[in-house]
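Here's the structure we're looking at; comments come further down.
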Amino acid sequence: MSTCKKTRAEATSVVSSDRLSSLPPKIKGNVLSRLDVREAVRTSTLSSTWRDAWTNMPKISLRDGNFTRTRFVTLVDMVLALHMGTIEEFDISSEKSYHDEFARWMLMLSRRSPRSVTIKLNSGPRYKISSCVFSIGDLKFLQLENCIISLPRAFQGFKSLTYLSLNNFSSTDRNIQNLISFCPVLKDLILTTFEGINQLNIQAPKLEYLRVYGDFEDINLEAPNLKVAILYLGHQAKAYQSVPIVHDKENHIKKSLGGLSEIKILGITGSFMKYLSKGRILTKLPSVFTRLENIYLNICFWDRRQVFAAYSLFQNAPNLKKLAVWSYPSSTWDQCQARILEHTLQMQMDHLVTASVGCFRGLDNEVDFVGKLLSWAPALEEVKIEWKGETDCSMVFAKLLAMPRVSARAKVIVTF
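Residue numbers for the sequence shown follow UniProt numbering, beginning at 1 and rising by one.
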């Protein structure tokens with residue numbers, strides 16, 4: 001390279017370096033947020049102007065990875081102690097135990113008033129979430145795993161929180177009810193794998209998305225703006241194990257789902273259908289799900305109460321377009337009685353376009369269900385059946401193809 005070109009290249013490098021060094025601290029912090037925290041801290045050796053740039057990073061993500069425990073503790077302490085800007089997002093996760101450090105970290109973090117907090121420390125016993133975390137007034141996003149939720153008496157709520165996710169946690173009925181109801185603008189709520197909660201009461205006027213996966217005895221939803229609900233009840237739950245009471249006049253579909261006038265997607269999985277089938281089953285509910293278009297459910301066709309609870313849902317969802325059903329077996333089923341009762345039902349599913357039945361074993365009650373769909377849905381185009389039977393399906397398949405249908409376009413497709 002000629003002397004002239006070399007001089008020009010060096011001059012360009014100096015100018016570029018000066019431009020980077022002259023960036024405002026906030027912009028430097030945004031640039032460094034795209035790096036791993038360890039790499040961001042290393043930029044302090046570039047020049048004097050970059051020495052403290054990492055202390056203005058708005059997003060902090062900490063992973064212990066290949067760190068030794070001691071080095072990771074030192075890193076977290078340094079980041080929380082020396083950070084000078086606003087922490088928009090704080091995310092920490094590890095597979096090592098930091099129980100002896102956790103309370104100190106949470107106190108230091110709360111003083112930074114982060115907008116978003118994600119804590120996934122999944123090694124060892126559950127971490128008790130410090131009371132200082134519940135005093136972060138500007139929090140908008142909170143995701144916690146492997147924790148204990150116990151609200152302080154002075155808890156005033158998260159007035160700006162829109163997203164709450166709790167996984168593998170323990171708490172009490174009152175603590176969870178208060179935590180949710182004291183978040184007036186909460187839109188997304190996820191509660192999975194929990195202990196200590198028997199009566200799950202969810203009062204959230206702005207809630208739009210809900211996913212519950214766990215064991216509980218009872219659930220009550222007051223969420224008038226809820227659009228998507230995925231509800232799973234474990235097979236070990238008392239609500240599943242208890243038998244229906246003969247003179248129980250309470251309708252559990254009405255109690256749990258009756259107020260969800262804006263619901264568009266409803267998933268009922270695990271044993272939640274059995275919970276809904278307890279008590280009195282109403283053909284007509286006080287509230288019709290006029291916006292409900294997609295239903296996904298696990299159902300035991302051997303249990304006639306579950307079948308009728310499902311029909312009650314379908315009848316009160318006049319605009320249902322997509323239905324996906326997974327069948328699971330049971331040792332107690334009076335098939336003859338169920339089929340006689342089912343023949344008294346007449347229903348219109350005018351907007352149903354696609355339906356599917358998973359884990360189909362070809363038993364009469366399952367075949368009858370497909371027959372009902374074919375006779376109730378004038379707009380039906382396709383019924384997909386996932387065959388899981390242990391015998392030859394040819395006779396069952398022939399019976400399905402011979403069934404009368406109100407839609408000339410309806411196809412029955414069997415997959416293996």
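Quick reminder that beta carbons are idealized off the backbone N, C-alpha and C, glycines included.
- Relative to the Cα of Gly196, the nearest Cα in the group Lys120, Phe155, Ile148, Thr118 belongs to Ile148.
- The C-beta distance from Ala324 to Leu352 rounds to 12 Å, too long to fall under 8 Å, and the pair is not in contact.
- Distance from the CA of Lys274 to the CA of Lys140, rounded to the nearest whole angstrom, comes to 36 Å.
- Residue state for Phe272 is assigned as helix, using DSSP reduced to three classes.
- A straight-line Cα-Cα distance of about 19 Å links Asp368 and Lys322.
- Considering only Met349, Phe301, Asn251, the residue with the shortest C-alpha distance to Asp218 is Asn251.
- Going by DSSP, Phe90 is part of no alpha helix (DSSP H) but of the beta strand (DSSP E) stretching over 89 to 94.
- Per the C-alpha coordinates, the member of Asn220, Thr68, Asn66, Leu75 positioned closest to Thr55 is Leu75.
- Scanning the stretch 65 to 135 from its first residue to its last, the whole beta strand (DSSP E) runs of 3-plus residues come out as 89 to 94, 116 to 121.
- For Ala309, no beta strand (DSSP E) segment is defined; the enclosing uninterrupted segment is the alpha helix (DSSP H) at 304 to 315.
- In this chain, Ala398 is not harboured by any beta strand (DSSP E); it is covered by the alpha helix (DSSP H) spanning 394 to 401.
- Nearest to Leu313 by alpha-carbon distance, out of Asn122, Thr290, Tyr127, Ala402, is Thr290.
- The continuous alpha helix (DSSP H) containing Val367 extends over residues 364 to 376.
- The DSSP-derived three-state label of Leu62 is strand.
- With respect to the 8 Å criterion, Ser110 and Val79 are not classified as neighbours on the basis of their beta carbons.
- Scanning its chain for C-beta atoms nearer than 8 Å, with the 5 sequence neighbours on each side dropped, one finds around Thr391 the residues Gly362, in chain order.
- Cβ contact annotation for Ser135 (same chain, cutoff 7 Å, sequence separation greater than five): Ser110, in chain order.
- DSSP places Arg291 outside both helix and strand once states are collapsed to three, so it counts as coil.
- In the three-state scheme derived from DSSP, where H, G and I count as helix and E and B as strand, Asn175 is classed as helix.
- For the pair Ala317 and Glu293, the Cα-to-Cα distance works out to about 8 Å.
- A Cβ-Cβ separation of about 4 Å places Ile265 in contact with Val228 under the 8 Å criterion.
- Inter-residue distance for Glu208 and Ile176 is about 18 Å (C-alpha atoms, whole angstroms).
- Boundaries around Ser256 are those of the alpha helix (DSSP H), 252 to 257, since no beta strand (DSSP E) includes it.
- Per the coordinates, the alpha-carbon of Leu373 lies some 21 Å from the alpha-carbon of Phe416.
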